[in-house]
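Under our numbering, the final residue of the sequence shown carries the number 201; numbering is consecutive throughout. Glycine residues also receive a C-beta, built at the ideal position from the N, C-alpha and C atoms.
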Amino acid sequence: MTTDRPLRADARRNALAVIAAARELFAEGGVDVPMEEIGKAAGVGKGTLYRHFPTRDHLFAAVSRDRFDRLAAEAEASLAEAGDYRAALIAWLRDFDRSAQQYRGLRGVVSAGIADEGSAIFTDCAQMKARAGSLLERAQEARLIRSDIDITELLSLVAALPDRFRDADGSSRLLEIVIRGIAIDPGD
């Protein structure tokens, strides 16, 4: 939704119906489902659809907002627990990776949006990115993670991992390669 003004009850209902329809259709057909099909499934006209979500990017950001908020909260909780920041970062990256595979085509949308300051996704994931960035910095300060990578690079890399290299349980061999590539062996 494109404004910070409180919505009328019917407008809020319509926006939530569009988000619910988008979630369902994205799960069935991936993120490339036509906007008009989403509006039709939500029972709203084109004008209502585009008034709430002027672009696919805005709709996708609204659909993903709760996921980004959850990931931000998880990173924040890991920061509050003084402990093994490398293990916390790696666990968080695995969760981020799993959430990026929820819908077919989602990885490309997230990967592009994380680095594009003009995108609605960039704005919506800013808190998640900041919290994960703090977790990365703590691990780097403890010399547990390489210091020559920043959070935008790391999230863009993980978001861009193809799903075809996943094991039956959904784990990603490529993610494990990335993790081994950024981690510093405590003996080094």
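Whether residue i touches residue j by CB criterion (7 Å)
| i | j | result |
| --- | --- | --- |
| residue 121 | residue 135 | no |
| residue 133 | residue 65 | no |
| residue 77 | residue 124 | no |
| residue 85 | residue 153 | no |
| residue 171 | residue 108 | no |
| residue 157 | residue 197 | yes |
| residue 185 | residue 179 | yes |
| residue 93 | residue 144 | no |
| residue 46 | residue 118 | no |
| residue 195 | residue 164 | no |
Rounded straight-line distance, which links the Cα of residue j to that of residue i
| i | j | result |
| --- | --- | --- |
| residue 173 | residue 41 | 21 Å |
| residue 21 | residue 27 | 10 Å |
| residue 176 | residue 190 | 14 Å |
| residue 106 | residue 155 | 18 Å |
| residue 137 | residue 80 | 10 Å |
| residue 24 | residue 187 | 43 Å |
| residue 91 | residue 74 | 24 Å |
Residue i, DSSP secondary structure in three states
| i | result |
| --- | --- |
| residue 32 | helix |
| residue 27 | helix |
| residue 156 | coil |
| residue 191 | helix |
| residue 133 | helix |
| residue 14 | With a pLDDT of 49 at residue 14, under the threshold of 50, the modelled position of that residue is not reliable, and no figure is offered here. |
| residue 120 | helix |
| residue 196 | strand |
| residue 179 | strand |
Given residue i as reference, the closest of the options once Cα atoms are compared
| i | options | result |
| --- | --- | --- |
| residue 159 | 98, 81 and 60 | 98 |
| residue 37 | 137, 50 and 96 | 50 |
| residue 68 | 79, 190, 35 and 106 | 35 |
| residue 142 | 82, 96 and 115 | 82 |
Q.
When you compare the segment 24-34 with the segment 47-64, are there three or more beta-carbon pairs, one atom per stretch, that lie closer than 8 Å?
A. yes
Q) Does the segment 142-153 come close enough to the segment 100-113 to have 3 or more Cβ pairs within less than 8 Å? A) yes
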